[in-house]
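Inspection log for the structure reproduced underneath, given as structure tokens.
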Amino acid sequence: MDHKISMYLFVSYLAIFTLFFKGFVSSFPSGYNNGYNNGHGYGLTSNLNYRFYDRSCPRLQMIVKSGVRRAFQDDSRIAASLLRLHFHDCFVNGCDGSILLNDSEDFKGEKNARPNRNSVRGFEVIEDIKSEIESSCPLTVSCADIVALAAREAVVLTGGPFWPVPLGRRDSLTASEQAANTNLPSPFEPLENITAKFVTLGLDLKDVVVLSGAHTIGFAQCFVIKHRLFNFKGSGQPDPNLAASSALLSKLKDTCPNVDSSDSKLAALDAASSVKFDNAYYVNLMNNIGLLDSDQTLMTDPTAAALVKSYSENTYLFSRDFAVSMVKMGNIGVMTGSDGVIRAKCGFPG
Numbered sequence: 049m050d051h052k053i054s055m056y057l058f059v060s061y062l063a064i065f066t067l068f069f070k071g072f073v074s075s076f077p078s079g080y081n082n083g084y085n086n087g088h089g090y091g092l093t094s095n096l097n098y099r100f101y102d103r104s105c106p107r108l109q110m111i112v113k114s115g116v117r118r119a120f121q122d123d124s125r126i127a128a129s130l131l132r133l134h135f136h137d138c139f140v141n142g143c144d145g146s147i148l149l150n151d152s153e154d155f156k157g158e159k160n161a162r163p164n165r166n167s168v169r170g171f172e173v174i175e176d177i178k179s180e181i182e183s184s185c186p187l188t189v190s191c192a193d194i195v196a197l198a199a200r201e202a203v204v205l206t207g208g209p210f211w212p213v214p215l216g217r218r219d220s221l222t223a224s225e226q227a228a229n230t231n232l233p234s235p236f237e238p239l240e241n242i243t244a245k246f247v248t249l250g251l252d253l254k255d256v257v258v259l260s261g262a263h264t265i266g267f268a269q270c271f272v273i274k275h276r277l278f279n280f281k282g283s284g285q286p287d288p289n290l291a292a293s294s295a296l297l298s299k300l301k302d303t304c305p306n307v308d309s310s311d312s313k314l315a316a317l318d319a320a321s322s323v324k325f326d327n328a329y330y331v332n333l334m335n336n337i338g339l340l341d342s343d344q345t346l347m348t349d350p351t352a353a354a355l356v357k358s359y360s361e362n363t364y365l366f367s368r369d370f371a372v373s374m375v376k377m378g379n380i381g382v383m384t385g386s387d388g389v390i391r392a393k394c395g396f397p398g
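Mapping of the sequence shown onto my numbering: residues 49 to 398, in sequence order.
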């Protein structure tokens, strides 16, 4: 009798798990492209596949995971940097690895565009991973796919959610400094402008709120926030929201003194857990202590503010929605099939 009961319970648990897993995976449709597609239109056109490299490069995911882990052990900031690298790649002519390209005689690349110069990092990590992959699977795996996988591993390594990454992207042959200057959202822009840039790529306000949650890890350079500490809107005073937290304001002023030489110093985006992927970012916004203008401005829109409140109260909800939005973003403007190339080295188009 006990054996029959045990078998019944096992089958019941298995059925529940299967339904849950099926519902989770259904949030990540293969071949989904919800946005700009390098001039080829919108819709189900990306042809990405979760198992794209299963036969051609079976060790791919292990190589990427190990490479990111090694880099993180040397520098915990690299997790946020790799996540940001993926974001900045996808927002400029699609997820095509263009951000990795060095300047050439034919084009000025994205590395030295205003939003990226002396700011975006992780190029050497991607190149090291690519080199190891080339040893196992020559001219098989795109740099764009490596960036997408590295971003996922960076999130998981800091305690965030795992999500299956659709693969099969191809690399671009060119890059555009001008497009990077135009397309990438600025921390100084109003929410309407930022949302418009997301919508152009097939994303929406919810994706703005969710993907902004990536600021739960990482740092900002002091020049981005000093106006909020010393001269908010020309008042000669701190931003009242930050001033209400005297301890935080004092700490930020110590980190970012009001002198030009402090511009490149770093302040944690989430001082309480700068290397832990959690929902503290949204808790900070609810307490009016988001670090960047573009963070705290989320609370000025009723729809965005309601999402912030939900995520501040429910870590699971944030993790689930973040994973979904990352897959959406990772499908922006991808090239597949015979479009683009597979680069041998990520910094060079040939």
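Heads up, the beta-carbon is just placed ideally off N, CA and C, and yes, glycines get one too.
Since the model is a prediction, treat every value here as computed from it, not as a measurement.
DSSP beta-bridge partners of residue i
| i | result |
| --- | --- |
| Asp-219 | Val-389 |
| Ala-448 | This structure gives no information on residue 448, because the portion of the chain shown stretches from 49 to 398. |
| Leu-297 | The partner list for Leu-297 (beta bridge, DSSP) is empty, contrary to what the question assumes. |
| Ala-316 | Phe-267 |
| Asn-97 | Leu-215 |
Burial state of residue i, where buried means 16 or more other Cβ atoms lie within 10 Å
| i | result |
| --- | --- |
| Arg-401 | Coverage of the chain is limited to positions 49 through 398, which leaves residue 401 absent and any answer about it impossible. |
| Gln-121 | exposed |
| Thr-348 | exposed |
| Gln-344 | buried |
| Pro-233 | buried |
| Thr-222 | exposed |
| Glu-361 | exposed |
Inter-residue CB distance, residue i and residue j (contact presumed, cutoff 8 Å)
| i | j | result |
| --- | --- | --- |
| Asp-387 | Arg-118 | Contact flag wrong, Cβ pair sits at about 32 Å. |
| Ala-268 | Leu-339 | 6 Å |
| Pro-235 | Ser-342 | 5 Å |
| Cys-304 | Cys-185 | The Cβ separation is near 45 Å, so there is no contact. |
| Asn-141 | Ser-260 | Asn-141 to Ser-260, Cβ: 22 Å. No contact. |
| Lys-159 | Ile-147 | 7 Å |
Rounded C-alpha distance that separates residue i from residue j
| i | j | result |
| --- | --- | --- |
| Phe-370 | Leu-253 | 13 Å |
| Asp-311 | Phe-271 | 4 Å |
| His-134 | Ser-283 | 37 Å |
| Ala-295 | Phe-396 | 47 Å |
| Leu-355 | Val-257 | 7 Å |
| Ala-161 | Thr-230 | 10 Å |
| Lys-376 | Trp-211 | 12 Å |
| Leu-96 | Asp-102 | 13 Å |
| Val-204 | Phe-325 | 8 Å |
| Asn-322 | Lys-299 | The question names Asn, yet the displayed sequence has Ser at residue 322. Ser-322 and Lys-299: Cα-Cα distance of roughly 15 Å. |
| Thr-363 | Gly-385 | 38 Å |
| Gln-226 | Val-247 | 20 Å |
| Val-195 | Leu-251 | 20 Å |
| Gly-398 | Ala-392 | 7 Å |
| Ile-111 | Arg-200 | 13 Å |
| Lys-301 | Ile-177 | 38 Å |
| Thr-206 | Lys-156 | 34 Å |
Residues of its chain near residue i, where Cβ-Cβ distance is below 6 Å and the 5 sequence neighbours each way are ignored
| i | result |
| --- | --- |
| Arg-169 | Ser-129 |
Cβ-based neighbour list, residue i, same chain, cut-off 8 Å, excluding 5 preceding and 5 following
| i | result |
| --- | --- |
| Asp-144 | Asn-86, Asp-137, Ala-192, Arg-217, Arg-218, Asp-219, Ser-220, Gly-381, Val-382, Met-383 and Gly-388 |
| Asn-306 | Lys-274, Leu-277 and Phe-278 |
Sequence-distant residues of the same chain with beta carbon closer than 7 Å to residue i, five excluded per side
| i | result |
| --- | --- |
| Ser-358 | Leu-365 |
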